[in-house]
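Residue numbers (the UniProt record's numbering): 1 to 204.
Here is the structure we will look at, set down as structure tokens.
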Amino acid sequence: MIKDAKFVISNSNPGNCPKPDRAEIAFIGRSNVGKSSLINSITDKKGLAKTSQKPGKTQLINHFMIDDRWYLVDLPGYGFAKVNKKVKDGWEIMISTYLKKRENLCGICILIDSRLPPQLIDLEFILWCATEGVPAVLVFTKADKQSKNKTNQNVQAFLRKLENYVEEAPQYFVTSAENATGKAELVEFLEELVKEYESGTLNG
Numbered sequence: 001m002i003k004d005a006k007f008v009i010s011n012s013n014p015g016n017c018p019k020p021d022r023a024e025i026a027f028i029g030r031s032n033v034g035k036s037s038l039i040n041s042i043t044d045k046k047g048l049a050k051t052s053q054k055p056g057k058t059q060l061i062n063h064f065m066i067d068d069r070w071y072l073v074d075l076p077g078y079g080f081a082k083v084n085k086k087v088k089d090g091w092e093i094m095i096s097t098y099l100k101k102r103e104n105l106c107g108i109c110i111l112i113d114s115r116l117p118p119q120l121i122d123l124e125f126i127l128w129c130a131t132e133g134v135p136a137v138l139v140f141t142k143a144d145k146q147s148k149n150k151t152n153q154n155v156q157a158f159l160r161k162l163e164n165y166v167e168e169a170p171q172y173f174v175t176s177a178e179n180a181t182g183k184a185e186l187v188e189f190l191e192e193l194v195k196e197y198e199s200g201t202l203n204g
């Protein structure tokens with residue numbers, strides 16, 4: 001369970017991130033996937049991450065300190081944001097540099113809208129992570145927006161499609177920021193990742 005969460009810093013340069021002296025887990029997904037809402041839900045802090053109806057609200061790397069122990073990082077969304085190509089290319093370089101070079105990153109959560117059929121942009125991003133060796137899990141969002149059956153169908157369709165891209169599908173969670181579906185399981189998983197990282201650091 002997360003007891004405390006506070007905003008630390010926003011920046012556009014991965015080199016200016018806080019000192020990599022503790023575990024870090026990043027959240028990323030297509031624009032408007034419900035990333036900020038989910039971060040606010042799992043931390044029990046309503047206004048922690050800024051939510052917006054307009055895609056592309058998050059344009060910086062945002063660090064939040066969790067329980068004075070680890071960082072949760074909110075990364076800019078990919079795709080659909082109404083920004084010019086130069087800005088978009090800049091984001092992509094920033095995100096890929098961060099994901100490949102951040103030494104204390106122990107995992108990323110790739111958020112996927114459970115209401116939609118498989119989206120190429122998500123599949124390609126998961127493939128990129130697998131190719132670059134970035135450890136990832138999938139977090140399906142907005143499960144409250146349709147029946148459980150429909151959510152399950154969409155999740156299975158996505159996983160089947162993903163078989164064409166990667167050898168082994170990542171672990172996945174089905175969540176809703178509105179009614180806390182999957183929240184306890186996801187938080188427990190994040191805390192396990194942090195524990196693993198800490199024991200590795202101590203033993204290393």
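Backbone N, C-alpha and C fix where the C-beta goes; we use that ideal spot for every residue, glycine too.
Paired residues, beta bridge with residue i - DSSP
i	result
Ser10	Asn62
Leu72	Ile25, Phe64
Tyr78	Arg30
Ala5	Ile66
Short Cβ contact (7 Å threshold) for residue i with residue j
i	j	result
Ile93	Val187	no
Lys6	Met65	yes
Lys3	Asp67	yes
Gly34	Lys142	yes
Ala49	Ser31	no
Reference residue i; option with closest CA among the options
i	options	result
Ser147	Ser176, Ala130, Asn16	Ser176
Glu124	Thr141, Asn164, Thr97, Gln156	Asn164
Gly29	Lys183, Tyr78, Met1	Tyr78
Gln153	Tyr98, Ile25, Pro118	Pro118
Gly133	Arg102, Ile61, Asp21, Phe158	Arg102
Tyr98	Ser36, Ala49, Asn16	Asn16
Lys46	Cys106, Thr141, Ile95, Glu178	Glu178
Leu75	Pro14, Leu116, Lys85	Pro14
Asn62	Lys86, Ile112, Ile95	Ile95
Gly200	Ala49, Thr141, Leu105, Lys35	Leu105
Met1	Val8, Ile9, Asp44	Asp44
Val73	Leu116, Lys86, Val8	Val8
Beta-carbon contacts of residue i that lie in its chain and below 6 Å, excluding the five residues immediately before and after
i	result
Tyr172	Leu138
Trp70	Arg22, Ala23, Val194
Gly107	Ile25, Pro135, Leu193
Own chain, CB closer than 8 Å to residue i, minus 5 neighbours either side, in chain order
i	result
Ile110	Ile28, Gly29, Asp122, Phe125, Ile126, Cys129, Ala136, Val137, Leu138, Val139, Pro170
Ser12	Gln59, Leu60, Ile61, Gly90, Met94
Lys100	Glu132, Val134
Leu38	Phe27, Leu111, Val139, Thr141, Thr175, Ala177
7 Å Cβ shell around residue i - same chain, five flanking residues per side excluded
i	result
Lys183	Ser41, Ile42, Thr175
Leu159	Ala169
Leu190	Ile25
Ala180	Ser41
Tyr197	Ala23, Cys106
Ser114	Phe140, Thr141, Lys142, Ala143, Thr151, Asn154, Val155, Val174
Inset, instruction - Mind listing, in chain order, the continuous alpha helix (DSSP H) runs of no fewer than 4 residues lying wholly within the stretch 103-185? - result: Taking only runs of at least 4 residues, the alpha helix (DSSP H) segments lying wholly in the stretch 103-185 are 120-132, 148-162.
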